[in-house]
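In our numbering, the protein residues as written are 2 to 68.
Everything on this sheet refers to the single structure shown next.
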Amino acid sequence: GSAEQMGKAVAKDAEAGKQTYPGAVGIEASRAAARDEARKAIEALQVFGPAAEDLRQLANYVVERRS
(Lines of atoms letter the chains of each structure in order from A and count residues from 1; the text may use other names and numbers.)
(Lines give C-alpha, C1' and ligand atoms only; values in the text may rest on other atoms or scores of the structure.)
Protein backbone atom coordinates (compact mmCIF):
# COMPACT_ATOMS: atom_id res chain seq x y z
CA GLY A 1 0.00 0.00 0.00
CA SER A 2 0.90 3.64 -0.26
CA ALA A 3 2.21 5.75 2.60
CA GLU A 4 -1.18 7.49 2.65
CA GLN A 5 -3.06 4.18 2.94
CA MET A 6 -0.68 2.81 5.55
CA GLY A 7 -0.49 5.98 7.62
CA LYS A 8 3.28 5.62 7.83
CA ALA A 9 6.36 5.50 5.62
CA VAL A 10 6.32 2.47 3.31
CA ALA A 11 9.35 0.12 3.17
CA LYS A 12 11.12 2.00 5.96
CA ASP A 13 12.03 -1.26 7.73
CA ALA A 14 13.45 -2.76 4.52
CA GLU A 15 15.52 0.35 3.88
CA ALA A 16 16.89 0.06 7.42
CA GLY A 17 17.79 -3.60 6.83
CA LYS A 18 15.17 -4.84 9.30
CA GLN A 19 13.51 -8.16 8.59
CA THR A 20 9.71 -8.28 8.72
CA TYR A 21 7.41 -11.29 8.85
CA PRO A 22 5.90 -10.55 5.41
CA GLY A 23 9.41 -10.06 4.04
CA ALA A 24 10.47 -13.45 5.36
CA VAL A 25 7.46 -15.58 4.41
CA GLY A 26 5.62 -13.47 1.83
CA ILE A 27 2.52 -11.34 1.99
CA GLU A 28 0.02 -14.11 1.22
CA ALA A 29 1.47 -16.44 3.87
CA SER A 30 1.39 -13.53 6.33
CA ARG A 31 -2.25 -12.85 5.56
CA ALA A 32 -3.12 -16.54 5.86
CA ALA A 33 -1.38 -16.75 9.24
CA ALA A 34 -3.21 -13.64 10.45
CA ARG A 35 -6.57 -15.07 9.36
CA ASP A 36 -5.79 -18.36 11.10
CA GLU A 37 -4.83 -16.62 14.35
CA ALA A 38 -7.96 -14.45 14.20
CA ARG A 39 -10.10 -17.55 13.66
CA LYS A 40 -8.53 -19.21 16.70
CA ALA A 41 -9.06 -16.09 18.78
CA ILE A 42 -12.71 -15.89 17.74
CA GLU A 43 -13.21 -19.55 18.64
CA ALA A 44 -11.64 -18.96 22.06
CA LEU A 45 -14.05 -16.08 22.65
CA GLN A 46 -17.11 -18.31 22.26
CA VAL A 47 -17.17 -19.03 25.99
CA PHE A 48 -17.91 -15.34 26.62
CA GLY A 49 -20.98 -15.30 24.36
CA PRO A 50 -22.38 -11.95 23.22
CA ALA A 51 -20.19 -10.06 25.71
CA ALA A 52 -17.18 -10.68 23.43
CA GLU A 53 -18.78 -9.38 20.24
CA ASP A 54 -16.58 -6.27 20.14
CA LEU A 55 -13.46 -8.44 20.38
CA ARG A 56 -14.71 -10.71 17.58
CA GLN A 57 -15.30 -7.68 15.39
CA LEU A 58 -11.85 -6.35 16.22
CA ALA A 59 -10.20 -9.64 15.25
CA ASN A 60 -12.03 -9.57 11.91
CA TYR A 61 -11.18 -5.91 11.34
CA VAL A 62 -7.47 -6.46 11.93
CA VAL A 63 -7.21 -9.14 9.25
CA GLU A 64 -9.49 -7.42 6.74
CA ARG A 65 -8.11 -3.87 6.90
CA ARG A 66 -5.91 -2.59 4.10
CA SER A 67 -3.78 -0.09 6.01
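Ideal Cβ placement from N, Cα and C applies to all residues, glycine included.
Subject >> Cβ neighbours of leucine 46 in the same chain (closer than 7 Å, five flanking residues each side left out) >> reply: Ala53, Leu56 and Arg57
Original post:
Just checking my contact of alanine 60 with alanine 42 at CB under 8 Å: how many whole Å lie between their CB atoms?
Top reply: 5 Å
Subject >> Coarse secondary structure for alanine 45, derived from DSSP in three states >> reply: helix
**OP:** Classify arginine 57 as helix, strand or coil using the three-state DSSP reduction.
**Re:** DSSP places arginine 57 in helix when its eight states are reduced to three.
**OP:** Indicate, with yes or no, if the ligand ATP has a heavy atom lying under 7 Å from the CB of alanine 25.
**Re:** Looking at this structure, you won't find the ligand ATP or any other ligand, since it has none at all.
Subject >> glycine 27 versus glutamate 44: straight-line alpha-carbon distance, rounded >> reply: Approximately 26 Å, taken between the alpha carbons.
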